[in-house]
Ligand SMILES: Cc1cc2nc3c(=O)[nH]c(=O)nc-3n(C[C@H](O)[C@H](O)[C@H](O)COP(=O)(O)OP(=O)(O)OC[C@H]3O[C@@H](n4cnc5c(N)ncnc54)[C@H](O)[C@@H]3O)c2cc1C
Ligand code: HEM
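Chains as they are written, first to last, in the numbering used here: chain A, 7 to 292; chain B, 497 to 1316.
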C-alpha cells in the first residue's frame, strides 16, 4: 500500500531504549563478573605468606582497586548533579555503578583475607557492605515500583491530585452546612486534619489509622437511612477517601523509592571517612 | 483645526497606534494640517491593552528609529506616558472616540464618517488601524445597553455582581474564570455556550471551567443563547424555552472581525483572497485607491519600530519627498554587500524582481520587506549550498547563475540542473523535514534564501508565487520519491493532473474495500494505515510526509486493502492512477521499485490477516498505543521526549538537568501530560513539522535550527502569541533568572538553591537584589542545540526512562515494548 514504511519496527528495538540494568546488553555486568572472577582466581593462586590478608602484595593490589572503585562510585552523586556538556549518560553511569558496586563484595572481602574483627578496618568493610546492601534494595525498588507508581497516578500529576482534593474539600464544606451539629462536626474534624502529616511508618506502610475522613465515612456508612444531604456528604467523603488513598499510595511508593538513599548516601560518607582512617592507620603503623 | 481651509485637512490619520502616532507627530512637525482619529478614548489601544507592567521590546535592534516620538524598550506604562506627553508637546491634533466607519471620496477630497455621526474632510488618508479589528457585536434587542461590554481589563474590579459571559472560546472562559477566581468578590458568574461542549477552547481552560462548575463557582449553561438584554436582566433561549436570569453586566467575547471589510469598503485592494493577505501597496505606501495610504501592522509590519518609521516615511512621501530612502536601506546595503558586481540596493531589487519567477508580482515595497527577513548569498562554482539530510526549512531562489542537484546519494556525478529564476529547497519548506539532496552551484551563483515564515507569507499573499511554488514542488517531490532516471517531462502528465487537497485530522483518504484508483503523495502532515480485523481497526503503519500510497489498487487492480486516514491536519497531492500506471509502463526501473515497495506492504497485511484469531489483545493494544501517541500530537512531531514509566523513578533529574543547561529554567514538565500503557508524553516541545508557535510571531523570532529543533531566538518580544498558539502548552513566559552559586558550594556549604530550577521566591529575591529587571520572554525546548552530548533530559536520566524519538521510531517504541 505504501512506500517508505517498509522499515519493520518489530525487528529492531531502538538501541537507546534500554533500562539501566540491561544497558548495552549488560556490558557492565560482564565487566564486573570478569573482575570478580579474576580477583577470585588471583586470590586462590597468589603466592602470599604467611596467609592472604590486606598487607600482602596481592592484598595491596585488591585494596587499591577497591579504594579507586569506592571513590569512583561515590562520584555518582556529583555526576548526577553536574550538568556539564559532553557525551556522557547518567544511565551508563548508573549501570556501571550497580555492577561494579556489586563486584566490591568480592574485591573488598577478598582484600580482608577474611580477617574480620572489632577494629577500624572491619568498620570500613562493614560500612561498605551496608552501602551495597542498601544499593541492592535500591535496585530492587527501581526495578519494581515505577510501574506501580505510574499505574497509581494515571494521568494526574502531584499538583493535580492536591487540587482535586481541594475541590472535593470545598464541596464538602458547603455540603455539610445543612447537616446536624454532630454530623457536621465529623466532617469538619476530617477537613481540619492535615491528612498527610504522618510519621515515617505511616508513609512507608500507607496505613493511616487515625484518618478522620475514614472515620467520618464509616459513621455515615453506618447510618442506614440517610437523607439527601447526608447522602451527598457521604458520597463526597467516599470521594475524599479515594483521593486521599491515591495520594497516600503515591507518597508511599515515592518514600519506598527514596528511603534507601537516606542509608546509601550517609553510609557512603561514613565509609569514605572510615576508609581514610583505615588507609592512614595501615600506613602509619606499618 | 490648525491650518485648515474650509474645514479640510491635508491628511487624516486613522488609528493612533505607533504607526498613526508617529505619522501624526511628523505631520505636526512639518506643519502639515492633519487630524489623528482614534476609536477609543485613549491613544494606542493595542499597546494600552498589553498586560500591566509588560516589558515592551524594541526589535529589530539594528533598525534605526526614524520618528519624532521617542521609543525604546521599557515598561508599557512608561512608553504610553512618553507618547501622551510628546503628542501634547508636538501639538498634534487628536480626536478621541472617533471611530471611523466609512471613507468616501477621491484623492484631494475624502470624507471620513465617524460612528458618532460627525464627518471629517481630508485630502489624503493614512490608515494605521492595526490588525486587532473590532469585536463581534451582539445582535439582539437591548445589545446597546451600557452594561454590555466587549473587553474585560481587570476582573478584580467587579464585586457582588451577577455577570454573564457570552462566548465559549478561550477569551470567554478566561474572563469567566477571572471573575469567579476570588469568592470574596461575591460575583455570580454565568457563561453561555450555544453548543454542548467547548470545542474551540484549549483543553486546560475547559478543564478549569468544568472544575469551577462542579465546585459551584461558575454556572455553565449549555445549548443556551441570549435572546434579549434588559436592564438588570438577561433573557435566554434554552432548549426548554425562554428563561430570564438576573444580570448586572454582560461580557461578550464572541471573537473579532478583522478590519479587512472596512478597508476594502474604502476602495483598497488586497493582494489575494487569502486570509493572511495584506493590502496591495506602492513603494510609498499608497494603496490601490489613490490618496489612501496604509502603514503599520495592517500593512504587514508588526513591530513597533517598523510602524513608527513608516509613520514618518508616509508623511515625507505625502509632502513630496520622493528621494527618501526607507530606514531599512542600510540593512539591505549590508545584506547585499557580499554580492559581486557593485550594484546599489535598488538595482539588486530590480534584478530580483525581474529574474526570479516567484517575485515577479511583488511591489518594490513588498520585495524590500521580504528581503529584510531573507538573505542573499554568493556561491562560487562548485560550492555546496546545502547537503543532503541537513535540516533546513528555508527556500532558495536563483537570481543569477544555476545549480546542480545531486539526485543520487551514492553517485554525486548524477545531477539535475536548476536554472536561473527558479527555486529550490522548497521541500523542506513544505514538509519541515530534512533536505532531500545536496545542491551545488553549477557556476558563480547569486541565490536568495527566504526563511520559512517569509516564504510562507509570500506564498499566502501572492497568488502567482503560490502557483509557481506549488507546481515546482509537486514535480520535485515526485522526482525525488520515484528516484533517478526520471525527468520533469516524464512526470508532466501527472503534474498537470495533480491536485493538492487538505485533510482534517482523522479524515479518511482511502477506505478499505473501495475501488477508486487515485494515488496520493503526502505533502505535509502524516497518515495512519489501518485494517479492519473482526470489526476492529488494527493499526498497520504510519506514513510520514514524503510517502506515497494508494498505488496497490492501481497496480494490481484490486480493491483498497486498507484504510488510510490523516493522523493530523495534512495535505496530500492526488493524481489519477492511470497516469501512474502509464509512467510505470514506460519506466521499468520505477516499476520494479514500486513492486518491491508493494511486496513489503503486502507481507505486513498478510501477516496481520493470518494472525487475526490469535491477535486479539496484542493488536488492540498496539493499535491503541499508536492511537494514543497520535492523539498526543506525535504525528506532527519531529522529535519528542517520551518517558517509559516502567523505568521512571520520579527523581525529576530530567527537569533539573534541563534547567541547569538553560539559564536556570526548565522547559519540560515531566509529570504533566498524558500516559497510556506506561508510555508518558510529558509537557515538552514536540518540534512539530509545522510549528503552531511560528504562526504569528511579530519579530519572527521562532526558527528551525540546524538539528531540526524549533527554537526562539533573542529577538523575542514577550508578546505571548506563541504560548497561546501552542496546542501542547509547552511554552512558558518567564524572566531569565539570575545566576546560581556553583554546585560545589551547594554540596559543601549549602549555598544557593541547589541543582535544578530555583524556586520562584529565590529567583525573585535574587533578581530584586541585583536591581536588574529581566523581561519575561517565551521559553521552550531547543533540543539542547549547541550543547555537546545532546538533550540534557536524556543524558541526565539515571534509569534510561527518558528517550527522544523521531516520527519514524515512535511507533516502533510502543511496539517493541510489548514484544520484549
Ligand atoms: C501582547 C502583545 C505584545 C506585543 N509586544 C510587542 C513588543 O514588545 N515590541 C514590538 O515591537 N511589538 C509588539 N507587539 C506588536 C505591536 O504591538 C503591534 O504590531 C503594533 O502595535 C501595531 O501598530 P499599529 O500602529 O499598526 O496598530 P495598533 O497599535 O494596533 O493601533 C491601531 C489603533 O487604531 C485604532 N483603530 C482601529 N480601527 C479604527 C477605526 N476604524 N477608527 C479609528 N481608530 C481605529 C485602534 O483603537 C488602535 O488604537 C505586541 C503585540 C501584542 C498583541
Ligand atoms: C561501596 C559501594 C557504593 C558506593 C560508595 C555508592 C555510592 C553511591 C552514591 C554516592 C550515590 C549517589 C546518590 C545520590 O546522590 O542520589 C549512589 C547512588 C546509587 N547507588 Fe550506590 N554506591 C555503592 C554501591 C552500590 C551498589 C552495590 C548498588 C546496587 C546494587 C548501588 C546502587 C545505586 C543506585 C541504584 C543509585 C541511585 C542512582 C540514582 O538514582 O541516581 N550502589 N551510590
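Where a beta carbon is used, it is the ideal one built from N, C-alpha and C, also for glycine.
Predicted, not measured: the structure shown is a model, and the values here were computed from it.
- With fewer than 16 other Cβ atoms from the protein chains shown falling within 10 Å of its own Cβ, residue 558/B counts as exposed.
- Of the candidates 690/B, 628/B, 522/B and 541/B, 522/B places its Cα closest to the Cα of residue 585/B.
- Nearest CB-CB separation between residue 161/A and chain B: below the 8 Å threshold.
- Taking the Cα of residue 1232/B as reference, the smallest distance to any Cα among 681/B, 1256/B and 855/B is reached at 1256/B.
- Between residue 746/B and residue 730/B a beta carbon distance of about 7 Å is seen, short of the 8 Å cut, so the two are scored as contacting.
- Counting only runs of 4+ residues, the alpha helix (DSSP H) found wholly inside the region 873–949 of chain B occupies 922–927, in chain order.
- For the set 591/B, 560/B, 555/B and 563/B, the Cα lying nearest the Cα of residue 538/B is the one of 591/B.
- Non-local beta-carbon contacts of residue 608/B in its own chain, meaning distances under 6 Å to residues more than five positions away in sequence, involve 508, 596, 599 and 616 in chain order.
- Within the region 1130–1149 of chain B, the residues whose Cβ lies closer than 8 Å to any Cβ of chain A are, in chain order, 1140, 1141, 1142, 1143, 1144, 1145, 1146 and 1149.
- Secondary structure note for residue 249/A: its alpha helix (DSSP H) is the uninterrupted segment 234–265.
- Only residues of its own chain outside the window of five on either side were considered, and among them 1001, 1021, 1131 and 1132 have a CB closer than 6 Å to the CB of residue 1064/B, listed in chain order.
- Under the three-state reduction of DSSP, residue 1221/B is assigned to helix.
- Inclusion of residue 1174/B and residue 1141/B in the CB contact set at 8 Å is warranted, their separation being smaller than that value.
- In this structure residue 1279/B touches residue 1135/B by the C-beta definition: roughly 6 Å separates them, less than 8 Å.
- Contact residues of the region 86–102 of chain A toward chain B are 86, 87, 88, 89, 91, 92, 93, 94, 95, 96, 97 and 100 (C-beta to C-beta distance below 7 Å).
- Distance check between residue 148/A and each of 1296/B, 1253/B and 1302/B places 1296/B closest, using alpha-carbon atoms only.
- Within the region 1218–1243 of chain B, the residues whose Cβ lies closer than 8 Å to any Cβ of chain A are, in chain order, 1239 and 1243.
- Scanning its chain for C-beta atoms nearer than 6 Å, with the 5 sequence neighbours on each side dropped, one finds around residue 656/B the residues 682, in chain order.
- From the beta-carbon of residue 1293/B, the residues of chain A found nearer than 7 Å are 96 and 97.
- Relative to the Cα of residue 973/B, the nearest Cα in the group 922/B, 1011/B and 964/B belongs to 922/B.
- Of all residues in the region 999–1025 of chain B, only 1025 come within less than 7 Å of chain A when Cβ atoms are compared, listed by chain position.
- Per DSSP, residue 601/B is one residue of the beta strand (DSSP E) stretching across 596–602.
- Contacts with chain B at 8 Å (Cβ-Cβ) include residue 26/A.
- With a cut-off of 7 Å, the C-beta of residue 576/B is classified as distant from ligand 2, since no heavy atom of the ligand falls inside that distance.
- Inclusion of residue 1169/B and residue 1083/B in the CB contact set at 8 Å is not warranted, their separation being larger than that value.
- Looking at the DSSP output, residue 127/A shares a beta bridge with no other residue.
- The C-beta distance from residue 852/B to residue 763/B rounds to 31 Å, too long to meet the 8 Å contact threshold.
- Collapsing the DSSP output to three states places residue 178/A in a helix.
- Between residue 1123/B and chain A, the shortest Cβ-Cβ separation is not below 8 Å.
- Excluding the 5 residues flanking it on each side, residue 568/B has same chain C-beta neighbours closer than 7 Å at 554, in chain order.
- If you ignore the 5 residues before and after residue 604/B, its C-beta comes within less than 6 Å of the C-beta of 619, all in its own chain and listed in chain order.
- In chain order, 1145 and 1146 make up the part of chain B whose C-beta sits under 8 Å from the C-beta of residue 263/A.
- Within chain B, the residues 707, 710 and 711 have their CB atoms less than 8 Å from the CB of residue 173/A, given in chain order.
- Comparing alpha carbon positions, the residue from 949/B, 886/B, 960/B and 915/B closest to residue 941/B is 915/B.
- C-alpha of residue 905/B to C-alpha of residue 936/B: approximately 13 Å in a straight line.
- With a cutoff of 7 Å, residue 570/B does not count as near ligand 1, since its C-beta is closer than that to no heavy atom of the ligand.
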